[in-house]
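S.K.: The structure follows.
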Amino acid sequence: MPEQLLFAVEVTLNGLMAGVMYALVALGFVLIFKASGIFNYAQGVMALFAALTLVGLQNGQIPFAHLINAIFGTKLHHFGWHMPAVLAILLAAGVMVILAILVERYLLKHLVNQEPIILFMATIGLAYFMEGIGDLMWGSDIKKMDVGLPQGGSFWIEENTQWLGFGNENFYGFFLDQLDIVATVIAAILVAGLVIFSQYTKQGRAMRAVADDHQAALSVGISLRFIWVLVWSIAGFVALVAGIMWGAKSGVQFSLSLIALKALPVLMLGGFTSIPGAIVGGLIIGVGEKLFEFSIGPLVGGATENWFAYVLALIFLVFRPQGLFGEKIIERV
Amino acid sequence: MLDQSADGYVTEDGRQIGGVLMEMRNITLKFGGVTAIENISFDIREGEIRAIIGPNGAGKSSMLNVISGFYVPSEGEVWFRGARRPQLKPYQVARQGIARTFQNIALFHGMSTLDNIMTGRMTLMKSSIGAQAIWKGAAEREETEHREAVEKIIDFLEIQAIRKTPVGRLPYGLQKRVELGRALAAEPKLLLLDEPMAGMNVEEKEDMSRFILDVNDEFGTTIALIEHDMGVVMDLSDRVVVMDYGKKIGDGTPDEVRGNQAVIDAYLGVSHD
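Chains as they are written, first to last, in our numbering: chain L, 1 to 333; chain P, 1 to 273.
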């Protein structure tokens, strides 16, 4: 059945690109977990906050307008400008760096050497705090992300892959979303950039050193606080990229923060400490859930995408708890 | 008795020791109600190998941690290169040119030997993030220079064979050697070694002793070390501080210390009746 096969290929391609989106979110988790051992529950909210800030800046929305109006009886809402997307992205990235500095100064600094569970609770607090601040600053309505990314299916790919059907009338060529393709390219550039940074620069080496051993890092002259700010800034930037992609796909809305939950099974598969793991884990889950929905879905009444990833993660937890690429847990007795 | 004038002294084997590099003045360190170090003063002179010895729990490691900034003394002053040192963070101490090793080896286990030693040069690297992004050429040249320095250290410590091996896989003795290499890579003015020979067999101890002497001899590095093995300490060091229960009970050349009654009592035990 070449027709079925072609559809399966199309589903796989779409799955791969959905996987890239999951990987983007998981990447932020891995960066922070590696460097500081903190499972940052707020990573999803950071993506939301970054996207809100980007849209707000771009459209010249006045931050805290509702609050100011309520207190002073004014009717402020917009500055009246419309920024170019590139400038707004740069400014939003700047805001994420400021956020990283604030998190380090007012949260992490006071929680050094605490139990992981306490740090985890702190990030839950941070998540809800940021969600609230995001609401206060930019309002809770659903916003449109318009940074000039292409939308809809790519006709070019459709036309140029039609011949693969070899005259089959039911096959019109592969349907791929242009946004997904752009997201894949950007994610690839982002990961390549991260790898080059961590392997070949002084700060990258310092980051790996801190991830490996805090005490040893201190003894060679690395400031932990600087590295934490750096790592949270990078995670903030990754969150911004994820926020742009997800925002362009489904609008900037508060449910965006729940994509963090989608990243969890990715991390179970890829391991919490591995950047390649986050990528491969994201791809496996993306392809897995699309193919499962395509093949088994009709038999069980569909909607398998809601739970497939978690079941897969559960199976991994039983048979390979450290994930595909995670560091092996060996306890010496 | 050695002539300990301000200008230094000449050791038994004829090496010229310089002026005071680091001075600990009336250092006291308390953890809650426990006094780990009680009012101890001593100095470390340029070019010498200075040992701190004492029975278990005497406060030797605590003293090393005060010097390297990991512990904050409750009282007393630390003087370094003729100036009083304000309270610094460990990474700031490292940037002043004080490198150290740890009793329980603190290496970057996931990184190769080469990368580990390379991190030792962190304090000597200048290029900032921005500069590395813009002047790729300059950053590359700097990287090459540091690589050459690291290769020299690898040759010096005779660990060429394990250059690319992740240090987590190395046996204990070699890990200790890599850790020494990382400390050396910083080209320190003062090198602190916390029990460099703990847990080693005789052969490994001999190797390590040779490296310590060579480092001091070839690079003129001032070394302060903590060691349990009395034989090793007496062979290696120029002067020895002896600690017991947080107090200083002796200070002098190995021969002087060996003849000191308080030291003999601390090590052999003495009946208090």
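Glycine is no exception: its CB is placed at the ideal position from the N, C-alpha and C atoms.
If residue 64 of chain L sits next to residue 13 of chain L, beta carbons under 8 Å apart, how far is it from one beta carbon to the other, in whole angstroms?
M.R.: Actually they do not touch by this definition, with Cβ atoms about 44 Å apart.
S.K.: The beta strand (DSSP E) that contains residue 28 of chain P, what's its start and end?
M.R.: That run of the beta strand (DSSP E) goes 20-31.
S.K.: Please check if any C-beta of chain L sits within less than 7 Å of the C-beta of residue 165 of chain P.
M.R.: No, residue 165 of chain P lies away from the interface with chain L (no Cβ there is under 7 Å from its Cβ).
S.K.: Could you round the C-beta distance between residue 193 of chain P and residue 223 of chain P to whole angstroms and report it? I think they count as a contact, below 8 Å.
M.R.: Their Cβ separation, rounded to whole angstroms, is 7 Å, which keeps residue 193 of chain P and residue 223 of chain P in contact under 8 Å.
S.K.: Provide the residue span of the beta strand (DSSP E) that contains residue 247 of chain P, from first to last.
M.R.: Residues 247-252.
S.K.: Would you say residue 187 of chain L faces chain A, with C-beta separation under 7 Å as the test?
M.R.: You won't find chain A in this structure, because its protein chains are L and P.
S.K.: Would you mind sorting residue 185 of chain P into buried or exposed? The rule is 16 or more other CB atoms within 10 Å of its CB.
M.R.: Classification for residue 185 of chain P: buried.
S.K.: For the beta strand (DSSP E) that residue 81 of chain L lies in, which residues bound it at each end?
M.R.: Premise fails: residue 81 of chain L is in no beta strand (DSSP E) and is neither H nor E.
S.K.: Looking only at its own chain, which residues have a Cβ that is under 6 Å from the Cβ of residue 161 of chain L, when we skip the five neighbours before and after it?
M.R.: Result list for residue 161 of chain L: 173, 174, in chain order.
S.K.: Go through its chain and collect everything with a Cβ distance to residue 179 of chain L's Cβ below 7 Å, but skip five positions before and after it.
M.R.: Closer than 7 Å at the Cβ level, and outside the excluded window around residue 179 of chain L, lie 149, 150, 151, 248, 249.
S.K.: Three-state secondary structure (DSSP) at residue 8 of chain L?
M.R.: Three-state DSSP puts residue 8 of chain L in a helix.
S.K.: Between residue 205 of chain L and chain P, is there a C-beta pair that is closer than 7 Å?
M.R.: True, the Cβ-Cβ gap to chain P drops below 7 Å.
S.K.: State whether the region 43-58 of chain L contacts the region 121-132 of chain L, with contact taken as three or more CB pairs (one from each stretch) at a distance under 8 Å.
M.R.: Short answer: they touch.
S.K.: Out of curiosity, what's the CA-to-CA distance linking residue 19 of chain P and residue 30 of chain L?
M.R.: Their backbone Cα atoms lie some 50 Å apart in a straight line.
S.K.: For residue 1 of chain P, which residues in the same chain have their Cβ closer than 6 Å to its Cβ, ignoring the five residues on either side in sequence?
M.R.: Only weak support is given to the placement of residue 1 of chain P: the predicted model assigns it a pLDDT of 43, under 50, and the question is left unresolved by the model.
S.K.: Which residues in chain L sit within 8 Å of residue 68 of chain P, going by Cβ to Cβ distance?
M.R.: In chain order: 219.
S.K.: Cutting at 7 Å between CB atoms, please list the residues of its own chain near residue 292 of chain L, excluding the five before and the five after it.
M.R.: Only 304, 308 meet the Cβ criterion.
S.K.: With DSSP run on the structure shown, which of helix, strand or coil describes residue 123 of chain P?
M.R.: Of the three classes helix, strand and coil, the one that applies to residue 123 of chain P here is helix, per DSSP.
S.K.: Report all residues from its chain with a CB closer than 7 Å to the CB of residue 3 of chain P; omit the five preceding and five following residues, and keep chain order.
M.R.: With a pLDDT of 47 at residue 3 of chain P, under the threshold of 50, the predicted position of this residue should be treated as unreliable, though the coordinate-derived value follows. Excluding sequence neighbours, residue 3 of chain P sits near 9.
S.K.: If we call anything under 7 Å between Cβ atoms a contact, is residue 20 of chain L one with residue 242 of chain L?
M.R.: Not in contact: residue 20 of chain L and residue 242 of chain L (Cβ atoms no closer than 7 Å).
S.K.: State buried or exposed for residue 102 of chain P, treating a residue as buried only when at least 16 other CB atoms are found within 10 Å of its CB.
M.R.: That one is buried.
S.K.: How would you label residue 273 of chain L, buried or exposed, when you count the other beta carbons within 10 angstroms and need 16 or more for buried?
M.R.: Buried, since its Cβ has 16 or more Cβ neighbours within 10 Å.
S.K.: Looking at the strands, I want to know which residues DSSP matches up with residue 270 of chain L.
M.R.: BP columns for residue 270 of chain L are empty, so no partner.
S.K.: Give me whichever residues DSSP pairs with residue 166 of chain P in a beta bridge.
M.R.: According to DSSP, residue 166 of chain P bridges with P/112.
S.K.: Looking only at DSSP bridge pairs, what is residue 77 of chain P linked to?
M.R.: Looking at the DSSP assignment, residue 77 of chain P forms a beta bridge with P/25.
S.K.: Does the Cβ of residue 215 of chain L have 16 or more other Cβ atoms within 10 Å, making it buried, or fewer, making it exposed?
M.R.: Label assigned to residue 215 of chain L: exposed.
S.K.: Between residue 116 of chain L and the rest of its own chain, which residues show a CB-CB distance below 8 Å, the 5 nearest in sequence each way excluded?
M.R.: The answer, listed in chain order, is 37, 38, 39.
S.K.: How would you label residue 299 of chain L, buried or exposed, when you count the other beta carbons within 10 angstroms and need 16 or more for buried?
M.R.: When all chains shown are included, residue 299 of chain L counts as exposed.
S.K.: What number of angstroms, rounded off, separates the C-alpha of residue 232 of chain P from the C-alpha of residue 199 of chain P?
M.R.: Distance between the alpha carbons of residue 232 of chain P and residue 199 of chain P is about 13 Å.
S.K.: Any idea if residue 178 of chain P is buried or exposed, counting beta-carbon neighbours within 10 angstroms, 16 or more meaning buried?
M.R.: Looking at its Cβ environment, which holds 16 or more other Cβ atoms inside 10 Å, residue 178 of chain P is buried.
S.K.: Should residue 202 of chain L be flagged as near chain P, meaning a C-beta pair shorter than 7 Å?
M.R.: Judged by the 7 Å Cβ criterion, residue 202 of chain L is in contact with chain P.
S.K.: Quick one: does residue 141 of chain L have its CB under 7 Å from some CB of chain P?
M.R.: Residue 141 of chain L does not count as touching chain P.
S.K.: Does any residue of chain L have a CB that is nearer than 7 Å to the CB of residue 11 of chain P?
M.R.: So, not an interface residue.
S.K.: Going by DSSP, name the residue or residues bridged to residue 302 of chain P.
M.R.: One cannot answer for residue 302 of chain P here, as it falls past the ends of chain P, which runs 1 to 273.
S.K.: Any idea what DSSP makes of residue 8 of chain P, helix, strand or coil?
M.R.: Correct three-state label for residue 8 of chain P: strand.
S.K.: What's the C-alpha gap between residue 143 of chain P and residue 126 of chain P?
M.R.: Spanning the two alpha carbons is a distance of roughly 10 Å.
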